[in-house]
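**Q** Counted the way the working numbering counts, the sequence shown spans residues 365 to 574.
Where a beta carbon is used, it is the ideal one built from N, C-alpha and C, also for glycine.
Just so it is clear, the structure is predicted and the values come from calculations on it, not from any experiment.
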Amino acid sequence: TPYMQVNLKLTLDELFGRAIPDVMRDPTKNYRGKIWDAPMLIITGGEPTFAPQFDAIVEAALAMTPALYVAVETNGTRWRHSLRAVDWISVSPKENVKQTSTAKWHHGAKVGPTHLDPPVLSELERRLFLRPDIGAEFRYVISADSTHPLYLPASRHYISPAVLSAGSGTEWQEGFPGFAAGAVERCLQIVQEDPRWRISIQSHKVLGVR
Numbered sequence: 365t366p367y368m369q370v371n372l373k374l375t376l377d378e379l380f381g382r383a384i385p386d387v388m389r390d391p392t393k394n395y396r397g398k399i400w401d402a403p404m405l406i407i408t409g410g411e412p413t414f415a416p417q418f419d420a421i422v423e424a425a426l427a428m429t430p431a432l433y434v435a436v437e438t439n440g441t442r443w444r445h446s447l448r449a450v451d452w453i454s455v456s457p458k459e460n461v462k463q464t465s466t467a468k469w470h471h472g473a474k475v476g477p478t479h480l481d482p483p484v485l486s487e488l489e490r491r492l493f494l495r496p497d498i499g500a501e502f503r504y505v506i507s508a509d510s511t512h513p514l515y516l517p518a519s520r521h522y523i524s525p526a527v528l529s530a531g532s533g534t535e536w537q538e539g540f541p542g543f544a545a546g547a548v549e550r551c552l553q554i555v556q557e558d559p560r561w562r563i564s565i566q567s568h569k570v571l572g573v574r
């Protein structure tokens with residue numbers, strides 16, 4: 365289905381009924397803290413924290429029996445209270461890089477460290493020092509002209525080379541289009557200058573998973 369071309373309305377019960385297989389609904393099992401066994405809900409976007417039902421979806425997932433393991437990817441520009449309860453937060457600011465195949469659907473505002481919502485930064489720092497058992501990471505998509513990412517408190521720090529894209533979305537019909545010119549080289553330069561950063565490939569883009 366073309367990105368953002370869907371007009372589908374579901375209640376939360378209908379949403380979870382479609383998304384969670386019956387085999388994962390065994391009330392006798394307690395998956396909490398066992399990421400390798402837990403039924404997982406990954407909330408991404410677009411920017412999920414701008415969705416009106418974001419908090420309701422997180423709370424419903426955590427209220428299920430068994431509770432789902434909830435992971436969220438956000439650009440970090442908007443705090444929502446349910447972020448404090450999720451199991452994994454990945455903050456991925458998009459600065460000086462196209463939003464790959466969905467570029468034309470995103471606003472053109474520059475999103476960098478100075479635009480991050482302070483409560484989001486505080487939550488990642490809280491997890492680092494007080495709750496090391498739950499995830500908190502920064503992920504930057506890097507292009508050839510990206511500046512060195514600001515190292516902020518979190519348990520993990522990753523950079524990924526930007527994927528080649530004009531923003532139309534059609535390039536995925538013919539398979540992985542490759543990385544943007546100079547993106548891999550810039551990532552290697554960053555980790556050589558600061559080994560605290562690790563390189564992570566956006567495997568869903570390589571595999572063509574939409």
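Are three or more beta carbon pairs between the region 502-522 and the region 540-558 nearer than 8 Å?
**A** Yes, since at least three Cβ pairs between the region 502-522 and the region 540-558 fall closer than 8 Å, the two stretches touch.
**Q** Fully enclosed by the region 476-534, which beta strand (DSSP E) runs are 3 residues long or longer?
**A** 499-506, 520-525, all fully within the region 476-534.
**Q** Pull up the distance between the alpha-carbon of residue 426 and that of residue 434, whole angstroms please.
**A** Here residue 426 is taken as the residue at index 62 of the sequence shown, counted from 1. Here residue 434 is taken as the residue at index 70 of the sequence shown, counted from 1. The straight-line gap from Cα to Cα measures roughly 8 Å.
**Q** Count the other CB atoms within 10 Å of the CB of residue 518; is the residue buried (16 or more) or exposed (fewer)?
**A** Mapped onto the sequence shown, residue 518 falls at position 154. Buried, since its Cβ has 16 or more Cβ neighbours within 10 Å.
**Q** Tell whether a beta-carbon distance below 8 Å holds between residue 404 and residue 379.
**A** As a position in the sequence shown, residue 404 is number 40, starting the count at 1. As a position in the sequence shown, residue 379 is number 15, starting the count at 1. No; because the gap between Cβ atoms is not below 8 Å, this pair is not in contact.
**Q** Give me the residue from 496, 412, 418, 562 with the minimum Cα distance to residue 503.
**A** Working through the sequence shown from its first residue, we reach residue 503 at position 139. It is 562.
**Q** Taking residue 484 and residue 440 to be in contact with their CB atoms under 8 Å, please state how far apart those CB atoms are, rounded to whole angstroms.
**A** Position 120 of the sequence shown holds residue 484. Position 76 of the sequence shown holds residue 440. Correct: roughly 5 Å between the Cβ atoms.
**Q** Helix or strand or just coil, what does DSSP make of residue 407?
**A** Translated into positions along the sequence shown, residue 407 becomes position 43. It is a strand residue.
**Q** Pick from 444, 556, 375, 424: whose alpha carbon is nearest that of residue 411?
**A** By 1-based counting over the sequence shown, the position of residue 411 is 47. When each option's Cα is compared against that of residue 411, the closest is 444.
**Q** Roughly how many angstroms lie between the CA atoms of residue 529 and residue 409, to the nearest whole one?
**A** What you label residue 529 is simply residue 165 of the sequence shown in a count that begins at 1. What you label residue 409 is simply residue 45 of the sequence shown in a count that begins at 1. Looking at the two C-alpha atoms, the distance is approximately 18 Å.
**Q** Can you look up residue 448 in the DSSP assignment and give me helix, strand or coil?
**A** On the sequence shown, position 84 is the one that residue 448 refers to. DSSP places residue 448 in helix when its eight states are reduced to three.
**Q** Between the C-alpha atoms of residue 421 and residue 451, what's the straight-line distance to the nearest angstrom?
**A** Here residue 421 corresponds to residue number 57 of the sequence shown, with the count starting at 1. Here residue 451 corresponds to residue number 87 of the sequence shown, with the count starting at 1. Cα to Cα, residue 421 sits roughly 14 Å from residue 451.
**Q** Are residue 527 and residue 458 touching if we call contact CB-CB under 8 Å?
**A** Start at 1 with the first residue of the sequence shown, and residue 527 comes out as number 163. Start at 1 with the first residue of the sequence shown, and residue 458 comes out as number 94. For residue 527 and residue 458, no; Cβs fall outside 8 Å.
**Q** May I have the straight-line CA-CA distance separating residue 539 from residue 565, to the nearest angstrom?
**A** Residue 539 sits at position 175 when you count from the first residue of the sequence shown. Residue 565 sits at position 201 when you count from the first residue of the sequence shown. One C-alpha to the other measures close to 16 Å.
**Q** In angstroms, rounded to a whole number, what distance separates the CA positions of residue 486 and residue 376?
**A** Within the sequence shown, the letter at position 122 stands for residue 486. Within the sequence shown, the letter at position 12 stands for residue 376. Using only the alpha carbons, I get a separation of about 30 Å.
**Q** Would residue 488 pass as a contact of residue 453 if the rule is Cβ separation under 8 Å?
**A** On the sequence shown, residue 488 is found 124 positions in, with the first residue counted as 1. On the sequence shown, residue 453 is found 89 positions in, with the first residue counted as 1. Yes, the Cβ-Cβ distance between residue 488 and residue 453 is below 8 Å.
**Q** Kindly indicate if chain C contains any beta-carbon less than 8 Å away from that of residue 454.
**A** Absent from the structure: chain C. Only one protein chain is present.
**Q** Could you spell out the range, first to last residue, of the alpha helix (DSSP H) harbouring residue 549?
**A** Here residue 549 refers to the residue found at position 185 when the sequence shown is read from its first residue. 547-557 is the span of the alpha helix (DSSP H), which, as asked, contains residue 549.
**Q** Would you give the residue range spanned by the beta strand (DSSP E) that residue 434 belongs to?
**A** Numbered from its first residue, the sequence shown carries residue 434 at position 70. Segment 433-438, the beta strand (DSSP E) holding residue 434.
**Q** DSSP puts residue 324 in a beta bridge; with which residues?
**A** Here the chain has residues from 365 to 574 only, and residue 324 is not among them.
**Q** Give the DSSP bridge partners of residue 562, in chain order.
**A** As a first step, residue 562 is located in the sequence shown; it is residue number 198 there, counting from the start. DSSP lists 522 as partners of residue 562.
**Q** Please determine, among 491, 413, 446, 480, the residue with the shortest C-alpha to C-alpha distance to residue 423.
**A** To locate residue 423, count along the sequence shown from 1; it is residue 59. Out of 491, 413, 446, 480, 446 has the C-alpha closest to the C-alpha of residue 423.
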